[in-house]
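Going by the working numbering, the letters in the sequence shown line up with residues 19 to 230, in that order. In this text, a Cβ means the ideal position worked out from N, Cα and C, and glycines have one as well. All of these numbers come straight from a predicted model, not from anything done at the bench. Since the structure comes first, as structure tokens, the remarks are kept for the end.
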Amino acid sequence: MDASTLFENDESDFKYVASNELFSESASENEAHVKYPEFNFARDINDLIFKMGMVFANNHEFKEACREYGIKHRYQIHFPTNDKKRVKATHFKKCGWYIWASKLNPKDPTYMSMQIKSRKFEHACGKVFTNFHITSKWLASHYLEIFRHDPDWSIPGIITRVKAYHTLTINPIKAWRARELALKAINGDEAEQYGFKSDTSNANNSNSGDIT
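As structure tokens, then:
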């Protein structure tokens, strides 16, 4: 399945905006009762389907979802517009793909939820084999349970696994830094300090012995 088909315009999820129209920044009384699809990180991140009208907890969650989409489908996403009220995600190669999200309730400064309000979901460019979203911190977090099981996981083993599971290439320095970060988090119980979220759905029942 092409990645662009994962972005759906499901009219059952919202009832008042045509697929090619920008969502209104101010909701009317009738719109206030519309049920929007809500993104749940733990539930949705491994089978990510963006939809028009989808609501995210805040701008950080929206950007994280875009980055994970980029890693999974080998696109590099960046954010030329990026503040607390609005975020625009575009393809680094400027192929025309974009998602525009802004606050669901812009009049309330304490209400941080973001909503997809405009988009072009089709890519007109090729996939990448290196991706700046694959950081040492991401690797340490994503494979934290494997590092916990095998603290001596080899650098070539880490590189090989990333290539096999993500079709992406990383250099030895990045793999080494990822291992160092993971071991610091494990040995010092610093996972919360580093902002790690162990991805047990991908690492569960896996160990570095599969690919060494």
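Separation of the CB atoms of F165 and R197 is rounded to 6 angstroms, and the pair is thereby assigned contact status at 8 angstroms. Ranking N77, S154, H184, P127 by CA distance to the CA of K202 puts S154 first. Looking at H96, E163, G71, the one whose alpha-carbon comes closest to that of E82 is H96. Taking K53 as reference, the option from A193, N64, K69 with the minimal CA-CA separation is K69. Less than 8 angstroms separates the beta-carbon of F74 from that of A119. Here H109 is bridged, per DSSP, to I95.
Between the C-alpha atoms of Q133 and N77 there is a straight-line separation of about 9 angstroms.
The DSSP-derived three-state label of E140 is coil.
For the pair S136 and M72, the Cα-to-Cα distance works out to about 11 angstroms.
Looking from the CA of I89, the closest CA among E140, P127, D65, N123 belongs to D65. At the C-beta level, Y116 and K138 come within 8 angstroms of one another. When secondary structure is reduced to three states using DSSP, S172 falls in the coil class, being assigned neither helix nor strand. Between I188 and I152, the gap from beta carbon to beta carbon is short of 8 angstroms. At a Cβ-Cβ threshold of 8 angstroms, L186 and T128 do not count as neighbours. Here A60 carries a helix assignment [DSSP, helix/strand/coil]. For F150, the three-state secondary structure derived from DSSP is coil. Ranked by Cα distance from C113, the options E163, A200, A142, E56 are led by A142.
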